[in-house]
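Novice:
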Amino acid sequence: MRQVTIITDGVATVPAEVVREYDILVAPFHIKMDGKDYLETEMDREQLYTRLRSKENLPTTSPPSPGEFLELCKQASQQAPAILIIVLTSGFSQAYNSALNAKSLAAKQLPGVTVEVFDSLTVVGGQMLVTIGAAKAAHEGKSLPEVIEATDSIRQRVASLALRESLFHFDRSGRAGKAKDWAKSEITTTTLLETSAASGGVTKPLLRERTLTKAIDATLDMLAERSPGKRLHIAITHTNAPDKAETLRKKLVSRFNPVEAYLNECSMVAAAINGEGLVEFGCYAED
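Under this note's numbering, think of the first position of the sequence shown as 29, with each following residue one higher.
1) Write down every uninterrupted run of the beta strand (DSSP E) in the region 228 to 255 whose length is 3 residues or greater and which is fully enclosed by it, in chain order.
2) Can you tell me which of E222, S201 and L195 puts its alpha carbon nearest to the alpha carbon of D209?
3) Roughly how far, in whole angstroms, is the beta-carbon of I182 from the beta-carbon of E144, given that I think they are within contact range, below 8 angstroms?
4) State buried or exposed for S224, treating a residue as buried only when at least 16 other CB atoms are found within 10 Å of its CB.
5) Roughly how many angstroms lie between the CA atoms of S93 and L128, to the nearest whole one?
6) Quick check on the DSSP output: the alpha helix (DSSP H) that includes I52 runs from which residue to which?
7) Take the Cβ of M29 as the centre, count every other Cβ of all protein chains shown within 10 Å, and call the residue buried at 16 or more, exposed below.
8) Answer with buried or exposed for T117, where buried requires no fewer than 16 other C-beta atoms within 10 angstroms of its C-beta.
9) Under 8 angstroms: do the region 56 to 67 and the region 97 to 111 share three or more Cβ pairs, one atom per stretch?
10) Hey, could you find the ends of the alpha helix (DSSP H) G102 is sitting in?
11) What do you get for A40, buried or exposed, if any count of 16 or more other CB atoms within 10 angstroms of its CB means buried?
12) If you reduce the DSSP assignment to three classes, tell me which class D62 lands in.
13) Once you ignore the five residues that flank T231 on each side, which residues in its own chain have a CB closer than 7 angstroms to its CB?
14) Is the CB-CB distance between H197 and L80 below 8 angstroms?
15) Distance, Cα to Cα, V186 vs L149?
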């Protein structure tokens, strides 16, 4: 019998087939637009992108509530006696605190069930890889401490590397951090920003180039220097930019021959935060 069930949030963008394979439970974020509160899973994608393009009356986002995390804990407790909730970096969201509150509620309402909350210190593709790694460990029948150990090993190595041709929406969300000056620049560039344990779970600007092609090539060169000769795990995401994401995937696969390479369109909350045109990937090297 499996000992641990994994819960994550919508930012992780885990592909539906992987969610089904490993019985991962996903807590959707909320998107508020025109005075209405939507679960991101209930919102029309094209409606959201149309609004983001207009740059007017823009949506806001909020994390799953403690009660929503608790309801997923109740479902998860039917599958295993221990639960690991993996959330996006606490540097970007209150989802971590919300999950901690759910843990406190679960201690009272779910006797005999152990709940732990894990700050991934990353986002989107990086968070996806952390979540999938945890789910694989749980699927192998490992105990909660063993799953946490395996998950932490990935967290220490993984990074979310995000390529953007515009920082407008990301800066507006308050998450641009040290890249804020780039967001205000009148020069059109493609930027590369990192979010990882190494960056402290916040945005770290790495490079910018005149074109996306040059930025991708520079990113791959940097990646080769970081992990010389090592096999990589890769998870690529995008916001309504499938052709750009596929170009990135082909280059990554050709150059690094990764152990695995997931590709998925970002969740609605990630789209609301980043705007259209984001191409991002999470990656980590084999030990």
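No residue lacks a Cβ here, since even glycine has one placed at the ideal position from N, Cα and C.
The model shown is predicted, which means the values in this text are computed figures rather than measured ones.
Specialist: To lay it out plainly:
1) 232 to 237
2) L195
3) Not quite, the Cβ-Cβ distance comes to about 16 angstroms (not below 8 angstroms), so this is no contact.
4) buried
5) 11 angstroms
6) Careful: I52 lies outside any alpha helix (DSSP H) and carries neither H nor E.
7) exposed
8) buried
9) no
10) Before going further, note that residue 102 is Lys rather than Gly in the sequence given. That run of the alpha helix (DSSP H) goes P94 to A104.
11) buried
12) coil
13) R203, A204, G205, K206, A207, L221 and T223
14) yes
15) 9 angstroms
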